[in-house]
Amino acid sequence: MSNDRNTNDMTHEPTRGLTPRLRFPEFRDAGEWVGQSLGSIASFYKGKGISKADIAPKGETLCIRYGELYTIYDEVIDRVVSKTNLSVSELFLSQRNDVLIPSSGETKLDIAKASCVLLDDVALGGDLNILRTNENGIFLSYLLNGPYKREIAKKAQGDTVVHLYANQLKLLEVLIPKLSEQQRIADCLESLDELIAAHSAKLDALKAHKNGLLQQLFPAEGETVPRLRFPEFEGKGGWETRLIEDFFLVGSSKRVLQEDWTTQGVPFYRTRELVSLSKNEPFGSEIFISEDLFREISEKYGLPTEGDFLVSGVGTLGISYQVQAQDRFYFKDGNVLWFKLKGGIVSTFFKYCFETDEIQDQILGQSSISTVGTYTIQNAKATKFSCPPSIEEQQRIADCLAALDDRIAAQGQKLDVLKAHKKGLMQQLFPAVEP
C-alpha cells in the first residue's frame with residue numbers, strides 16, 4: 007500500500023458550496039467541483055433475474071443478487087461467494103468499475119446503498135440498478151453513500167416494498183471533481199476501509215475464540231467435567247448440576263405506573279435498554295423516574311446491587327446484564343427478571359454460565375411452550391446449569407473469560423474509532439449537500 011493514501015498531506019480550505027473542506031494539496035487550485043446529473047455521467051442498465059434456485063455452490067459464474075449485495079455491504083466489491091450455472095446468454099455480466107444500487111428493498115435508507123464492482127463478468131441480478139460510467143466507480147460509490155445517501159433515499163417509492171427506478175436516479179445532481187482527484191479520494195477511503203476490515207476480522211476472530219472456549223471450559227451435554235480444565239483442578243471431581251434458585255432469589259421489580267414516568271431523574275430501563283447494556287452499546291435513556299420515587303423504592307423494596315443480574319423475560323429472551331457497582335437505575339416489572347445474588351457462587355462465573363447453550367437452550371425450550379414467548383420467574387428458578395465444586399475454579403474460569411472480554415471490548419473500541427474517523431473524513435472530503 008503506497009504512502010500517498012494517508013491524509014496527513016491534506017490542506018483545509020474555506021468552506022464553499024462547490025469544494026470540499028479537506029483537499030489534497032495538489033488539487034488546492036484545481037477549481038470547483040462540477041455539478042452533473044447521474045444520467046449524464048453513467049449509462050443505466052438493469053440486471054437479469056437470478057432466483058435462489060439458480061444459486062449453485064459449484065457453479066461456473068460468480069453472481070450478485072439483491073441478497074448478496076446486502077451480505078457484502080461494501081463500497082468496493084472485490085470478492086463474490088455466490089455462483090450460478092445459468093448460461094452466459096441468460097445473464098447480465100458486470101464490467102470492472104460498474105456501480106450497483108438496489109432497485110428494491112425493505113427501507114428507503116437501506117436501498118440507498120451504492121457498491122462498485124472491481125470484477126469483470128460477474129452475473130448481476132434483476133433487483134439491481136447498474137451504473138456504467140467512465141468516472142471512477144469507487145469514488146462514485148463513496149460519494150453516493152456519503153452526502154447523497156439521503157437524497158437517493160428520498161427518491162425511493164413504496165412502503166412495504168421500496169423501489170428505486172433508474173429514471174429517478176438519472177435526475178440526481180452530484181458534484182464531482184476531475185478523474186485524478188477522484189482517484190486520490192478513492193485510494194484514501196479504500197485504504198481506510200481495508201484497515202477497518204482488518205480490525206473487524208480480528209474482532210470476529212476474538213469472538214469466535216471466546217465461543218470456542220465457552221464450549222470447552224464448560225461440560226458438554228451428558229458429561230460432568232469440561233474438555234478443557236485448568237491443571238490445578240484436574241482430578242478435583244466432577245461438576246454438579248445446580249438450579250438458579252440455589253444461588254439467587256428470583257423476582258422482579260416494584261411496579262412503576264406509566265403515569266410516574268418522567269423526562270428526567272433516574273433512568274428507568276426496559277428490555278431494549280437491557281439489551282444495549284448487555285452488549286456494552288451506548289444508548290440514551292428515554293424514560294426516567296423521579297428522585298423521590300427512586301428513594302422510596304430503594305428504602306421499601308431495595309435495588310439491584312453489584313453482582314445481581316437482570317434478565318430479559320419478554321421479547322428478546324435470555325439476555326442478561328450483570329449489575330455493576332456504579333449503576334444507578336430502576337427497571338420495568340414483568341419484562342425484566344431480577345436475579346438477586348444470595349452467595350455460594352462467583353457472580354462473573356455465572357455470567358458466563360448464562361451464555362452457554364446449556365442455559366440458553368432451556369430458555370428457548372421453555373418459552374416455546376407458550377403462544378407468546380416468555381421466560382417466567384418459575385422457569386428461571388428451575389433452570390439447571392453445571393457448576394464446579396470449588397469457588398476457586400469458578401473464579402479461575404471467570405478471570406479467563408473476563409480477560410478475553412476485555413480484549414474484545416478494546417478491539418471493538420478501536421473499530422468504532424476507525425469508523426468514526428471514516429465518517430468524519432467523508433464529511434470533509436466531499437462538498438456539503440444543501441438540505
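Numbered by the numbering used here, the letters in the sequence shown go through residues 7 to 441 in order.
C-beta atoms are modelled at their ideal positions from N, C-alpha and C, and glycine is treated no differently.
Just to confirm, is the Cβ distance from residue i to residue j under 8 Å?
i	j	result
leucine 137	leucine 75	no
valine 123	aspartate 104	yes
isoleucine 482	alanine 118	Missing from the structure shown is residue 482; the chain here goes from 7 to 441 and no further.
serine 100	threonine 247	no
threonine 113	isoleucine 47	no
glycine 132	glycine 55	yes
tyrosine 275	isoleucine 303	no
phenylalanine 236	arginine 413	no
aspartate 339	serine 284	no
valine 86	isoleucine 61	no
leucine 175	phenylalanine 50	yes
aspartate 84	leucine 125	yes
alanine 388	leucine 249	yes
alanine 168	serine 95	According to the sequence provided, residue 168 is valine. The question's alanine does not apply to it. Against a cut-off of 8 Å, the Cβ pair of serine 95 and valine 168 comes out as no contact.
valine 352	isoleucine 397	yes
phenylalanine 106	threonine 67	The identity of residue 106 in the sequence shown is leucine, whereas the question assumes phenylalanine. Cβ distance not < 8 Å, so leucine 106 and threonine 67 don't count as in contact.
For residue i and residue j, which I take to be in contact (beta-carbon distance under 8 Å), what is that distance rounded to the nearest angstrom?
i	j	result
leucine 150	alanine 120	4 Å
glutamate 187	alanine 36	6 Å
phenylalanine 345	phenylalanine 254	4 Å
tyrosine 72	proline 108	6 Å
threonine 354	glutamine 328	7 Å
serine 43	leucine 178	7 Å
asparagine 2	glycine 319	This structure cannot settle anything about residue 2, because the visible part of the chain is limited to 7 through 441.
proline 63	lysine 242	About 47 Å separates the two Cβ atoms, so there is no contact after all.
isoleucine 369	leucine 343	About 11 Å separates the two Cβ atoms, so there is no contact after all.
leucine 219	threonine 362	Rounded, the Cβ-Cβ distance is 11 Å, inconsistent with contact.
leucine 421	serine 206	6 Å
aspartate 266	leucine 299	6 Å
Using 8 Å as the limit for Cβ to Cβ distance, is residue i near chain B?
i	result
leucine 115	Judged by its chain identifiers, the structure shown contains no chain B, having just a single protein chain.
For the beta strand (DSSP E) containing residue i, list its first residue and its last residue.
i	result
alanine 48	48 to 52
valine 123	121 to 123
serine 282	Element bounds for serine 282: not the beta strand (DSSP E) but the alpha helix (DSSP H), 277 to 284.
arginine 138	134 to 139
valine 105	105 to 108
glutamine 42	40 to 43
isoleucine 293	Neither: isoleucine 293 is in no beta strand (DSSP E) and is coded neither H nor E.
threonine 67	67 to 70
leucine 316	315 to 318
valine 342	342 to 347
glutamine 101	No beta strand (DSSP E) holds glutamine 101; DSSP gives it neither H nor E.
phenylalanine 391	390 to 393
serine 326	326 to 328
Could you pull the start and end residues of the alpha helix (DSSP H) that residue i belongs to?
i	result
tyrosine 307	297 to 307
leucine 249	No alpha helix (DSSP H) contains leucine 249, which is instead part of the beta strand (DSSP E) from 246 to 249.
asparagine 385	383 to 387
phenylalanine 356	353 to 359
phenylalanine 443	Here the chain covers residues 7 to 441 and nothing more, so residue 443 does not appear.
valine 423	397 to 435
phenylalanine 145	143 to 151
leucine 115	114 to 117
lysine 160	155 to 161
Among the options, which residue has its Cα nearest to the Cα of residue i?
i	options	result
aspartate 210	Leu99, Tyr358, Ile369, Gln417	Gln417
glycine 65	Ser43, Ser88, Arg71	Ser88
serine 291	Glu398, Phe236, Gln270	Gln270
phenylalanine 436	Cys194, Leu181, Asn217	Leu181
leucine 185	Gly143, Asp333, Gln174, Gly257	Gly143
proline 26	Pro183, Asp60, Asp363	Pro183
valine 281	Thr166, Ile250, Gly321, Ile293	Gly321
aspartate 411	Gly430, Tyr358, Ser318	Tyr358
cysteine 406	Glu96, His215, Arg34, Asn173	His215
lysine 348	Val40, Val256, Ser326, Tyr307	Val256
phenylalanine 33	Ser110, Thr90, Gly350, Arg190	Arg190
leucine 316	Ser296, Glu279, Tyr307	Glu279
leucine 212	Ala438, Lys429, Ala426, Ala409	Ala409
proline 273	Glu251, Leu249, Arg301	Arg301
valine 439	Gly41, Ala162, Phe30, Pro31	Gly41
lysine 208	Ser95, Ile250, Ala415	Ala415
valine 423	Gly313, Ser93, Gln332, Asp199	Asp199
glutamine 434	Tyr148, Ala386, Asn286	Tyr148
glycine 350	Gly379, Gln400, Asp165, Trp39	Gln400
Under 7 Å: does the beta carbon of residue i sit that close to some heavy atom of the ligand NAD?
i	result
valine 262	You won't find the ligand NAD in this model; it holds no ligand whatsoever.
Runs of beta strand (DSSP E) lying entirely within the region 165 to 225, each at least 3 residues, in chain order
The DSSP assignment places 179 to 182 as complete runs of the beta strand (DSSP E) inside the region 165 to 225, in order along the chain (cut-off: 3 residues).
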